[in-house]
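Residue numbers (the working numbering): 287 to 545.
Read the structure below first, then the notes.
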């Protein structure tokens, strides 16, 4: 069934001190998206960037989410790190708390949490970590949306435990035949028209072309385009334009009917 509305999210605030990751287009992207995943200090981000990015999101009515990662500034959180489950959950709660206080300072509340990079992929497949994370979220904020891939372990665990989830489609990542994204540490420039068509096909036909050429079914509530992907602004603009042409609205998560 064709989607008539979706959430559009992007990772934001992924610099550190004087350094900027990607094209530095957060300010231009913010009016075009409906949800922002804001780096919380471990893979990128610092207190000044967090506060500034939250304010930008608040000014544009964009939903604010914590984007915690592995403690890996050098590797931008895209390297897997072995650590006990309780340590990883504590790291995520710590980062969530930091961003939440800056949100309070700006007079807004957090909408969601979305693990970053290698941590996102780890949570997607590890049941013990998924369960421990969701248990922590249930105590901290049982209404906080958890962004994840449909069919992932964490999605199933969260649904079973009553934590609301937002299922994602990745516009700027490849998919394999299982319907999971192919994790990569480096992403090159992409064709904006091709990315827009990929998103439109997923919204209208519910499929995506996998790396082996097969079409696999996908279901989702939100489309992600990373701000650090080269040419991210052109990707988002092209995608928004085509979605509008196809009469598919970009709306806040609170306005979506989630299943």
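Ideal Cβ placement from N, Cα and C applies to all residues, glycine included.
Predicted model only: the values in this text are computed from it and were never measured.
Residue interval of the alpha helix (DSSP H) (run including residue i)
i, result
"residue 377", "371 to 391"
"residue 417", "413 to 426"
"residue 444", "439 to 447"
Nearest-angstrom Cα separation, counted from residue j out to residue i
i, j, result
"residue 436", "residue 311", "28 Å"
"residue 523", "residue 378", "32 Å"
"residue 477", "residue 520", "9 Å"
"residue 409", "residue 439", "8 Å"
"residue 376", "residue 353", "14 Å"
"residue 346", "residue 315", "11 Å"
"residue 406", "residue 400", "7 Å"
"residue 431", "residue 498", "33 Å"
"residue 295", "residue 369", "28 Å"
"residue 447", "residue 533", "35 Å"
"residue 415", "residue 300", "25 Å"
"residue 421", "residue 428", "9 Å"
"residue 530", "residue 489", "12 Å"
"residue 486", "residue 480", "10 Å"
"residue 382", "residue 307", "21 Å"
"residue 491", "residue 537", "20 Å"
"residue 443", "residue 417", "6 Å"
"residue 367", "residue 350", "26 Å"
Where the beta strand (DSSP E) containing residue i begins and where it ends
i, result
"residue 293", "291 to 298"
"residue 432", "431 to 435"
"residue 503", "501 to 503"
Residue i burial status per 10 Å Cβ neighbour count (16 or more: buried)
i, result
"residue 500", "exposed"
"residue 320", "buried"
"residue 390", "exposed"
"residue 544", "exposed"
"residue 425", "exposed"
Beta bridge counterpart(s) of residue i as assigned by DSSP
i, result
"residue 323", "297, 351"
"residue 398", "351, 431"
"residue 470", "BP columns for residue 470 are empty, so no partner."
Backbone secondary structure at residue i - three-state DSSP
i, result
"residue 482", "helix"
"residue 512", "coil"
"residue 339", "helix"
"residue 525", "helix"
"residue 490", "helix"
"residue 311", "coil"
"residue 409", "helix"
"residue 452", "strand"
"residue 495", "strand"
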